[in-house]
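Peer 1: The opening residue of the sequence shown carries number 80 in our numbering; numbering runs sequentially from there.
Okay, handing you the structure first.
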Amino acid sequence: MSIEELEVFLDIATETALAGGAELMSYWGNLQDIQEKGSPGNLVTEADKAAEEAIVKVLQRHLPDHGILTEEAGELGNITSRYLWAIDPLDGTTNFAHQYPFSACSVGLLIDGVPQVGVVFNPILDELFRAAKGLGATRNRKQISVSQTTILQKSLMITGFAYDRRETTDNNYKEFCQICHLTQGVRRSGSASLDLCSIACGRADGYWERGLSPWDVAAGIVVLEEAGGKVTAYNSSPFDLKSGKILATNGKIHDLMSKALIEIPPLAYWDTTIN
Ligand code: IPD
Ligand code: CA
Ligand code: CA
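Right, dumping it as structure tokens:
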């Protein structure tokens, strides 16, 4: 894939995310239709659907031969294509429904299954994250890079809890307690794509979560990797988009985080002397 081709795809991704963002803003503070789907607390609103339609329309106008995978409509277009767009029209629906201003349109392009272009746009705070393989990552068109933090005690972490958390023992609660104990704190922002971008621009040092879908992370992975970060499975093996379990860091605390996530002591006990 040439740099010129990636630049074209990055511009198209940007146009789609901005179109989705404009649609979202027309519903901000004015949502009439909020429903639950699947697990309790998993919301879908008229804003999710309208933004998705706007995004798909722009994408199909530019690239009618590409495949598309969206959160609300599923597979669209030529899904056997080597180009697959993974789209979350509203990542942070619960935040949006409560007017907590941390939600985004997430538009990622997988080429042969590998995330290569990503745009994450928070229209409420007007933050646009863009990246493509080999082209670096930007926030509002300015280059960004990950933090320099090298130890857990000086790190700020982010995580999230999937909607099926009441239905499984693999609910991230013990991991949350462990990382809370070992670091300066753990934030839960409610938008996986923006969480990855927060690590990319150095606002936090690491992020982990389970139960994610390709549309939650495809775009943010490109932004983070291009900003100098690292993305793997919890045990540091290569990240698999289908597994839904991600460890994403500034790279410098990656091994420490991986070890902390896979070696968790019994819930009621922590060695306070751990450094
Ligand atoms: C959710 C958000 C949240 C994460 C959930 C996702 P949605 O996406 O990214 O941060 O914890 O697992 O499903 O439902 O707002 O698009
Ligand atoms: Ca999502
Ligand atoms: Ca969503």
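Built from N, CA and C at the ideal position, the CB exists for glycine as well.
1) From the DSSP output, read off the bridge partner residues of E115.
2) Taking V198 as the reference, give the member of I91, T328, E154 with the closest Cα.
3) Can you pull every residue whose C-beta falls closer than 6 Å to some heavy atom of ligand 5, listed in chain order?
4) Can you give me the start and stop residues for the alpha helix (DSSP H) that D274 sits inside?
5) From what residue to what residue does the beta strand (DSSP E) around S185 run?
6) Leaving out five residues before and five after R218 in sequence, what residues of the same chain have Cβ atoms less than 6 Å from its Cβ?
7) Determine the DSSP secondary structure at R245, reduced to helix, strand or coil.
8) Check whether the Cβ of S224 sits closer than 8 Å to any heavy atom of ligand 2, and report yes or no.
9) Is the closest heavy atom of ligand 2 to the C-beta of W294 under 8 Å?
10) Is the beta carbon of V196 closer than 9 Å to that of T238?
11) Exposed or buried, G307, counting other C-beta atoms within 10 Å across all chains shown (16 or more means buried)?
12) For L204, does the three-state DSSP call read helix, strand or coil?
13) Determine which residues share a DSSP beta bridge with W164 and list them.
14) When the Cα atoms are used, what is the spatial distance from Q263 to K233?
15) Consult DSSP for L231 and reduce its assignment to one of helix, strand or coil.
16) Distance check for Q257 and K128, CA to CA, integer angstroms please.
17) Under the three-state reduction of DSSP, which class applies to K128: helix, strand or coil?
18) When the Cα of P345 is compared with those of F255, I82, F88, A283, which residue comes out closest?
19) Going straight from the alpha carbon of S315 to that of L335, what length do you get?
20) Check whether the region 111–130 touches the region 155–165, counting contact only when three or more Cβ pairs, one atom from each stretch, lie closer than 8 Å.
21) So is the beta-carbon of A241 under 8 Å away from any non-hydrogen atom of ligand 1?
22) DSSP state of T238, grouped into three classes?
23) Got a sec: does ligand 1 put a non-hydrogen atom nearer than 8 Å to the Cβ of N250?
Peer 2: In this structure, then:
1) As a position in the sequence shown, residue 115 is number 36, starting the count at 1. BP columns for E115 point to L122.
2) As a working mapping, residue 198 is identified with position 119 in the sequence shown. Ranking the options by Cα distance to V198, first place goes to I91.
3) Ligand 5 is not part of this structure, which contains only ligand 1, ligand 2 and ligand 3.
4) The residue given as residue 274 occupies position 195 in the sequence shown. Start and end: 271–279.
5) For the purposes of this step, residue 185 is taken as residue 106 along the sequence shown, with counting starting at 1. Element bounds for S185: 183–190.
6) In the sequence shown, the residue the question calls residue 218 occupies position 139. Scanning its chain for C-beta atoms nearer than 6 Å, with the 5 sequence neighbours on each side dropped, one finds around R218 the residues F208, C280, in chain order.
7) Locating residue 245 in the sequence shown gives position 166, where the first residue counts as 1. Three-state DSSP puts R245 in a helix.
8) For this step, residue 224 is matched to residue 145 along the sequence shown. No, ligand 2 has no heavy atom inside 8 Å of this Cβ.
9) Along the sequence shown, read from residue 1 onward, the residue named residue 294 stands at position 215. Yes, Cβ of W294 sits closer than 8 Å to a heavy atom of ligand 2.
10) In the sequence shown, counting from the first residue as 1, residue 238 sits at position 159. In the sequence shown, counting from the first residue as 1, residue 196 sits at position 117. Result no, Cβ atoms of T238 and V196 do not sit closer than 9 Å.
11) The sequence position of residue 307 within the sequence shown is 228, counting from 1. With 16 or more other Cβ atoms within 10 Å, it is buried.
12) Position 125 of the sequence shown, counted from the start, is the residue given in the question as residue 204. Three-state DSSP puts L204 in coil, outside helix and strand.
13) Position 85 of the sequence shown holds residue 164. W164 is bridged to I147, L188.
14) Start at 1 with the first residue of the sequence shown, and residue 263 comes out as number 184. Start at 1 with the first residue of the sequence shown, and residue 233 comes out as number 154. Near 6 Å, if we compare the C-alpha coordinates of K233 and Q263.
15) The residue labelled residue 231 in the question sits at position 152 within the sequence shown. The answer is helix: DSSP assigns L231 an H, G or I state.
16) For this step, residue 128 is matched to residue 49 along the sequence shown. For this step, residue 257 is matched to residue 178 along the sequence shown. For K128 and Q257, the distance between alpha carbons rounds to 37 Å.
17) Counting from 1 along the sequence shown, the entry for residue 128 is found at position 49. Three-state DSSP puts K128 in a helix.
18) In the sequence shown, the residue the question calls residue 345 occupies position 266. When each option's Cα is compared against that of P345, the closest is F255.
19) The residue given as residue 315 occupies position 236 in the sequence shown. The residue given as residue 335 occupies position 256 in the sequence shown. Straight-line Cα distance between these residues: approximately 10 Å.
20) no
21) In the sequence shown, residue 241 corresponds to position 162, counting from 1. Yes, since a heavy atom of ligand 1 falls inside the 8 Å radius drawn around the Cβ of A241.
22) Against the sequence shown, residue 238 aligns to sequence position 159. In the structure shown, T238 sits in a strand (DSSP, three-state: E or B).
23) Working through the sequence shown from its first residue, we reach residue 250 at position 171. The answer is no for N250.
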